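Colleague: I have a structure here, written as structure tokens, and I will follow up with some questions on it.
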Amino acid sequence: MLTQNLGYPRIGSQRELKKTCENYWAGKTGYKNVLETGTAIRRENWQTQQAAGIDLIPSNDFSYYDQVLDHSLMFGAIPKRYNEVILKKGNEELDLYFAMARGYQKDGLDLVAMEMTKWFDTNYHYIVPEFYKDQQFKLFSTKIIDEFYEAKQLGIITKPVLIGPVSYLLLGKEKEAGFDRIDLIKNLLSVYFEILQKLQDLKAEWVQFDEPFLALDLTEKERTIYRETYQQIRKAFPRLKIMLATYFERLGDNAKLVTSLPVNALHIDLVRAPQQLNEILTIAPEKLILSLGVIDGRNIWKNDYIRSLSHLKKAIDVLGKERVIIAPGSSLIHTPCDLDLETTIDPEIKNWMAFAKQKLNELHELSAIIEGDNELLQNNLKAISSRNLSKLIHKQGVKKRVGAITDADANRSSEFTVRQKIQQQNFKLPLFPTTTIGSFPQTNDIRQLRAKLKKG
């Protein structure tokens, strides 16, 4: 059975990227150092996945700031206000990129950053593309091609990752009235074709298209555009193997649309939506390969192999091993890098955990268990059982108190006015008590004070 990963953390196992970028923004390090840090992280990520036995290793999942912003730069979807940054002597592509992400306040310019919003229901935020009527796109950044070639030079043939063209447009916003951003698909597809041609020329075998919007409600117009878009891609590139990736939710009403698209493989998230497997198995076309996301890409706990194996075996019974790929539910970008580097965690708790590197190993172990390695399964059962029974997190006193709760406990024993007086006597609260669970707004004065404090 094949194993694949959808994406790997790009911050670096020691947060190298964060430190280097912050030093670059502060003017403490140069452009070359940022690029060298990125190269080192990518190399380590690819080789870590190769060592873990992952068959389909992603590229273009690395980013200096945000993968959606990477695509906007790649497609030349650069708002006009940043033209002056491009024209400034000495500025590199990275300066334009960071200007779009963070704004630009130097060289006499004061440019606001592009909008940022949540990536579906995660804590990750992305830079929102800005679209204009009759907008034209062009191949501006060749990052995806460069990184595929970079990995190939290391002897690793990767699976380049692209945000699918329809999802990319839906992630953005119209910045002027009178048009629907989805109507830009024809202009955008020409750049996708150019990219795919270059990847095919470099002997790329698989390309992953992330289309998370397929797990959301779609209009009839959007459904039609999905159908037409992938028909055009397949017609232009009949030999390229297309992995269509969905995640964070079930396909639901879009299941029949998705399984009718002319792609080689479909990835579904069985961590967030295990109930969709039965339906997909029922309607999957004869040659469609299913990538099953059975390992949680969004938490730090060990996988329950029994649960994952139940999904995998069900799919194998219907499709056969050659048409099933084992994968995380989503990109591993949402997890820390490597549990091996954590030296202060209680060993009992550490045995319950798996970071990105360890989740790669879980993919390999699930494959080995299906081939008959019972020892790996028993080790996993012991770890899962240890967490379920541990006195560190299961307190008998608390269980007894919870078990003793009755309906009568939902009724107050006194009126609010009486409780209010008792609370005031006990807590002596001010007239308008307030709390916060987030950051306070920062005025210019506060920012200056913080800057002075930082400088001593």
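Counting in this note's numbering, the sequence shown runs from 5 upward without gaps. Glycine is no exception: its CB is placed at the ideal position from the N, C-alpha and C atoms. None of the values given here were measured: they were computed from a predicted structure.
1) Report the CB separation of Val89 from Leu143 in whole angstroms; it is logged as a contact under 8 Å.
2) What is the C-beta distance between Trp356 and Arg391, in whole angstroms, given that I count them as a contact (C-beta under 8 Å)?
3) Measuring straight from C-alpha to C-alpha, what distance separates Phe431 and Asn448?
4) Contact check, Phe359 vs Ile304 under 8 Å by CB: the rounded distance?
5) Flag this pair as touching only if the region 58–71 and the region 124–141 have three or more C-beta atom pairs under 8 Å; answer yes or no.
6) Using beta-carbon positions only, say whether Thr33 and Ala331 come within less than 9 Å of one another.
7) Taking the beta carbon of Pro169 as the centre, do at least 16 other beta carbons fall within 10 Å, making it buried, or is it exposed?
8) Which residues does DSSP list as the beta-bridge partners of Gly297?
9) If I'm right that Tyr230 touches Val267 with Cβ under 8 Å, what's the distance once you round it to whole angstroms?
10) Consult DSSP for Asp377 and reduce its assignment to one of helix, strand or coil.
11) How is the beta strand (DSSP E) around Trp210 delimited, first residue to last?
12) Tell me the DSSP secondary structure of Lys110 in three-state form.
13) Let's test the definition: count the other Cβ atoms within 10 Å of the Cβ of Asp184 and tell me whether it reaches 16, buried, or not, exposed.
14) Kindly give me the distance between the Cβ atoms of Phe141 and Asn64, rounded to whole angstroms, as I take these residues to be in contact under 8 Å.
15) Given a cut-off of 9 Å, decide if Ile161 and Ala155 are closer than it, judged by their beta-carbon atoms.
16) Tell whether a beta-carbon distance below 9 Å holds between Lys163 and Gln212.
17) Can you give me the Cβ contacts of Leu292 inside the same chain, cut-off strictly under 8 Å, excluding the 5 residues immediately before and after it?
18) Determine the burial state of Val406: buried for a count of at least 16 other Cβ atoms within 10 Å of its Cβ, exposed for fewer.
19) Measure the C-alpha to C-alpha separation of Ile299 and Arg254 and round it to an integer number of angstroms.
20) Return the chain-ordered list of same chain residues with a C-beta closer than 8 Å to the C-beta of Thr24, the five sequence neighbours on each side being excluded.
21) Relative to the alpha-carbon of Asp308, which residue among Ala414, Phe124, Lys386 has its alpha-carbon at the smallest distance?
22) Compute the Euclidean distance between the alpha carbons of Leu336 and Lys425, then round it to the nearest angstrom.
23) Looking at the secondary structure, which residues open and close the beta strand (DSSP E) in which Thr121 lies?
Modeller: By the coordinates alone:
1) Locating residue 89 in the sequence shown gives position 85, counting from the first residue. Locating residue 143 in the sequence shown gives position 139, counting from the first residue. The Cβ separation is near 19 Å, so there is no contact.
2) Here residue 356 is taken as the residue at index 352 of the sequence shown, counted from 1. Here residue 391 is taken as the residue at index 387 of the sequence shown, counted from 1. Confirmed, Cβ separation roughly 4 Å.
3) The sequence position of residue 431 within the sequence shown is 427, counting from 1. The sequence position of residue 448 within the sequence shown is 444, counting from 1. For Phe431 and Asn448, the distance between alpha carbons rounds to 35 Å.
4) What you label residue 359 is simply residue 355 of the sequence shown in a count that begins at 1. What you label residue 304 is simply residue 300 of the sequence shown in a count that begins at 1. Rounded, the Cβ-Cβ distance is 6 Å, consistent with contact.
5) yes
6) Numbered from its first residue, the sequence shown carries residue 33 at position 29. Numbered from its first residue, the sequence shown carries residue 331 at position 327. Going by C-beta atoms, Thr33 is not nearer than 9 Å to Ala331.
7) For this step, residue 169 is matched to residue 165 along the sequence shown. So Pro169 counts as buried.
8) Taking the sequence shown and counting its residues from 1, the one referred to as residue 297 is at position 293. Gly297 is bridged to Asp273, Ala331.
9) As a working mapping, residue 230 is identified with position 226 in the sequence shown. As a working mapping, residue 267 is identified with position 263 in the sequence shown. That pair is no contact at about 11 Å.
10) The residue given as residue 377 occupies position 373 in the sequence shown. Collapsing the DSSP output to three states places Asp377 in coil.
11) Counted from its first residue, the sequence shown places residue 210 at position 206. Start and end: 210–214.
12) Reading the sequence shown from its first residue, position 106 is the one you call residue 110. It is coil, neither helix nor strand.
13) For the purposes of this step, residue 184 is taken as the residue at position 180 of the sequence shown. It counts as exposed.
14) Translated into positions along the sequence shown, residue 141 becomes position 137. Translated into positions along the sequence shown, residue 64 becomes position 60. With 8 Å as the limit, Phe141 and Asn64 do not qualify as a contact, their Cβ atoms being about 17 Å apart.
15) Working through the sequence shown from its first residue, we reach residue 155 at position 151. Working through the sequence shown from its first residue, we reach residue 161 at position 157. The answer is yes: Cβ separation under 9 Å.
16) Here the question's residue 163 lines up with position 159 in the sequence shown. Here the question's residue 212 lines up with position 208 in the sequence shown. In this structure, Gln212 lies closer than 9 Å to Lys163 by Cβ.
17) The residue labelled residue 292 in the question sits at position 288 within the sequence shown. So the list reads Thr263, Val267, Asn268, Ala269, Leu270, Arg327, once near-sequence residues are dropped.
18) Indexing the sequence shown from 1 puts residue 406 at position 402. It is exposed - the Cβ of Val406 has fewer than 16 other Cβ atoms within 10 Å.
19) For the purposes of this step, residue 299 is identified with residue 295 of the sequence shown, where counting begins at 1. For the purposes of this step, residue 254 is identified with residue 250 of the sequence shown, where counting begins at 1. Going by the C-alpha atoms only, they are around 16 Å apart.
20) Residue mapping note: residue 24 aligns to position 20 of the sequence shown, counting from 1. Apart from the 5 residues on each side of it in sequence, Thr24 sits with its Cβ closer than 8 Å to the Cβ of Thr33, Asn37, Val38, Thr41 in its chain, given in chain order.
21) Within the sequence shown, residue 308 is the residue found at index 304, counting from 1. Asp308 has its Cα closest to that of Lys386, out of Ala414, Phe124, Lys386.
22) By 1-based counting over the sequence shown, the position of residue 336 is 332. By 1-based counting over the sequence shown, the position of residue 425 is 421. Cα to Cα, the separation comes out at about 51 Å.
23) Numbered from 1 along the sequence shown, position 117 holds the residue referred to as residue 121. Note, Thr121: beta strand (DSSP E), 120–122.
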